[in-house]
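Residues 0 to 519 in numbering that gives the first Met the number 0 are what the sequence shown lists, from first letter to last. Written out below as structure tokens is the structure these notes cover.
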Amino acid sequence: MSHRKAVGIDLGTTFSAVAHLDAYGKPQIIPNAESERITPSVILFDGANVIVGTHAKNNSVVEPEKIVDFVKREIGKPKEQFHREFGGKIYSAEELSALIVKKLIMDAERYLNEPVTDAVITVPAYFNDAERTATITAGQLAGLNVLQIINEPTAAALAYGLDKLDHDQTVFVFDLGGGTFDVTIMRIENQKLHIIATNGDHRLGGKDWDDVIVNYVAEEFDHAHDENPLLDLQSYQDLQTRGVAAKLQLSRRIHTAIVHNHHGKSVKVEVSRKDFEKRTRHLAEKCKTICEIVMQEAKMKWDKIDKILLVGGMTRMPMVREMISQLSSAPLVSDVNPDEAVAVGAAIQATLSMLREEEITGEKVLGENTREQFSCRDGRLIQVTDITSHTLGVVLWDESNLEEYVFPMIKKRTAIPASAKNSFGTASANMQHALVKVVEGESSLPGECTPLGVCDIELPPFLPKGSPVELTYRYNANQVLEVAVEACGSQSKVSIERNTGLAPNEIGKAISSLEKLSVE
Ligand code: AMP
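Below is the structure:
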């Protein structure tokens, strides 16, 4: 039996965390080499050395040009759209994310005193196909076997629900992190966990609140000294740090003051919690609207919610809790640590994935007691059913209106893994190729959906118009799509040519180039 050790990774916008199951089957956060339970997702390039975490974050003010942060907001973009260059080498978002994963794994291996081979990595529920694929790539580039990608709120729900499977209940998971916002409704029934609905905004998070303070202080500085302090990168980073600190203070106190020095000039700006809440009301309102939308999607009234599970550091903020209390009178549960719940849930899922693999291969990797711990009363493994976050469609030609439209193949909120099969007629006689354009999104207009890629299929010769082409979409547990096409008896599984991220043949090259870097 080859040695395997799995962990759960919360690869966050501002912070990342890693967890595992200890010898007693209890999920535990693994502290990093600096003895911290969460690691800032910040990278510092210092020659051939790469430093990830607090040291990098502390340096962001001193050497902002050597720093990469918020890379999660860029993942899934092709290199032409996003890259950073250090020491003459160009890094994609996947490679930069891989460096964060490497640091987490290295520290975990040191702490556990054994190699880490496998991982479940979490992503916001709202991540699309490209962002998920790129996250898998990031894990692979760090040398891991990525068992599965799971949604952050599902992971948090799993961390919360694992020991509550005996109580049927409906839980509303509110996850407001550093850069993303996710809401999920989960039902625990008959010892099974089902995700009922999920929605979110992956450009809404703590950073937006920080920016409000930063811009406010910058304006005051500009008024006083006729100079915008944000134009200087170092001053910007400095103010950013002060802004976050002020935000954290305002969660505990009703008043704070920010002093900012730049070019020998300074301002002192007084901010009350009330004033800050007024300036950021629109952000809380955005969260509220998304909560209401997800309830509509679940066709549910607020009185059906038994508990509200708070995840993500931003849920410590009084205005966020107040806003939720206005929506629902259900108790707010924070018995999961908002910073740690996602990584813990990922570690649980990693164990479930390995137990399921054992069932398939017959090869035992984990102890019998672990299997018992993760089984229901009937002896079967605990079941977690997630749903699709987007509709996946195919672009077709509408002959009567002479325009393209999107035909939905797998609709949003379908339980995964999911598959769908549909037959379409060829648009003209003797068509030699069928171009399957795969899109993701809720609109019937191709222009309003996200293109995922195309499959170019060669057709047999001399087909009459309207000949059947059968299309199958398979959405796996990672919410990554596979497409198969059957045209007049000839079957082909087509790989989607994704116009994003690293291509599979580039991955090997990227692994060896990252291996040359020393990460600490
Ligand atoms: P996460 O991505 O879940 O780690 O969330 C981190 C975000 O939560 C960052 O924007 C932090 O500034 C914010 N945060 C953490 N603790 C607090 C707090 N006590 N009050 C307000 N915001 C917080």
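Where is the CB? At the ideal position from N, CA and C, for every residue including glycine.
Starting from Phe220, trace the alpha helix (DSSP H) both ways and give me its first and last residue.
Gly205 to His224
List the residues that DSSP assigns as beta-bridge partners of Thr134.
Bridge partners of Thr134: none, in fact.
Would Ala340 pass as a contact of Val310 if the rule is Cβ separation under 7 Å?
yes
Leu404 - partner residues in DSSP beta bridges:
Note that residue 404 is Tyr in the sequence shown, not Leu. Leu395, per the DSSP bridge assignment.
Arg246: beta carbon under 6 Å from a heavy atom of the ligand AMP?
The question names Arg, yet the displayed sequence has Lys at residue 246. Yes, the Cβ of Lys246 comes within 6 Å of a heavy atom of the ligand AMP.
In the structure shown, what three-state DSSP assignment does Pro123 receive?
coil
Cα-Cα separation between Gly312 and Phe81, rounded to whole angstroms
Going from the Cα of Gly312 to the Cα of Phe81 covers about 27 Å.
For Thr524, report the span of its alpha helix (DSSP H) as first-last.
Absent from the model: residue 524. The displayed extent of the chain is 0 to 519, so no value can be given.
Threshold first: 4 residues or longer. Then list the alpha helix (DSSP H) segments lying entirely within the region 330 to 390, N to C.
340 to 360 and 367 to 372
Closest to Asn189 by CA distance: which of Ile29, Arg376 and Lys287 is it?
Cα-wise, what sits closest to Asn189 is Arg376.
Heavy atom of the ligand AMP within 6 Å of Phe406 beta-carbon:
no
Starting from Gly452 and walking both ways along the beta strand (DSSP E), at which residues does that stretch end?
Thr449 to Glu457
Sequence-distant residues of the same chain with beta carbon closer than 8 Å to Arg395, five excluded per side
In the sequence on display, residue 395 carries Leu and not Arg. Result list for Leu395: Glu403, Tyr404, Val405, Phe406 and Phe423, in chain order.
Compare the Cα-Cα distances from Gln372 to each of Ala16, Arg3, Lys25 and Ala5 and report the closest residue.
Ranking the options by Cα distance to Gln372, first place goes to Lys25.
Below 8 Å on the Cβ atoms is my guess for Thr53 versus Phe14; work out the distance and round it to an integer in Å.
Thr53 to Phe14, Cβ: 10 Å. No contact.
If you run the structure through DSSP and keep just helix, strand and coil, what is Asn504?
helix
If you reduce the DSSP assignment to three classes, tell me which class Tyr472 lands in.
strand
What do you reckon, is the C-beta of Ser15 under 6 Å from a heavy atom of the ligand AMP?
no
Relative to the C-alpha of Ala297, which residue among Val115, Asn421, Thr197 and Glu93 is closest?
Thr197
Do you know offhand how far Glu519's Cα is from Pro30's?
14 Å
Alpha carbon to alpha carbon, how far is Ala156 from His262? Give it in angstroms, no decimals.
48 Å
So, using beta-carbon positions, are Lys264 and His224 closer together than 7 Å?
Contact: yes.
Is it a yes or a no for the region 135 to 146 touching the region 94 to 102, going by three-plus beta-carbon pairs under 8 Å?
yes
Could you have a look at Glu296 and say whether DSSP puts it in helix, strand or coil?
Helix at Glu296.
Pro445 - DSSP class collapsed to helix/strand/coil
In the structure shown, Pro445 adopts helical secondary structure according to DSSP, grouped into three states.
Sorry if obvious, but does the Cβ on Val61 come closer than 6 Å to a heavy atom of the ligand AMP?
no
Taking 6 Å as the line, does the beta carbon of Glu243 fall inside it for any heavy atom of the ligand AMP?
Position check: residue 243 holds Val in this sequence, whereas Glu was assumed. Val243: yes, Cβ under 6 Å from the ligand AMP.
Please report the Cβ distance between Leu10 and Lys71, rounded to the nearest whole angstrom; I am assuming they are in contact, meaning their Cβ atoms lie under 8 Å.
7 Å
Quick check on Val61: does DSSP put it in helix, strand or coil?
coil
The alpha helix (DSSP H) that contains Gly242, what's its start and end?
Leu232 to Arg251
Can you find the residues in the same chain that come closer than 7 Å, C-beta to C-beta, to Ala342, ignoring five residues on each side of it along the sequence?
Gly7, Ile8, Asp9, Ala16, Val17, Ala18 and Ile28
Just to check my reading of the structure: Glu527 and Ile74 have Cβ atoms closer than 8 Å, yes? What is that Cβ distance to the nearest angstrom?
Examination of residue 527 is not possible in this model, given that the chain is present from 0 through 519 alone.
Apart from the five residues just before and just after Gln431, which ones in its own chain have a Cβ nearer than 8 Å to its Cβ?
Glu457, Leu458 and Pro460
According to the neighbour-count rule (16 or more other Cβ atoms, all chains shown, within 10 Å of its Cβ), is Pro152 buried or exposed?
buried
Closer than 6 Å to a non-hydrogen atom of the ligand AMP - does that hold for the CB of Gly52?
no
Do Phe171 and Leu203 count as a contact pair if the criterion is CB distance below 7 Å?
no
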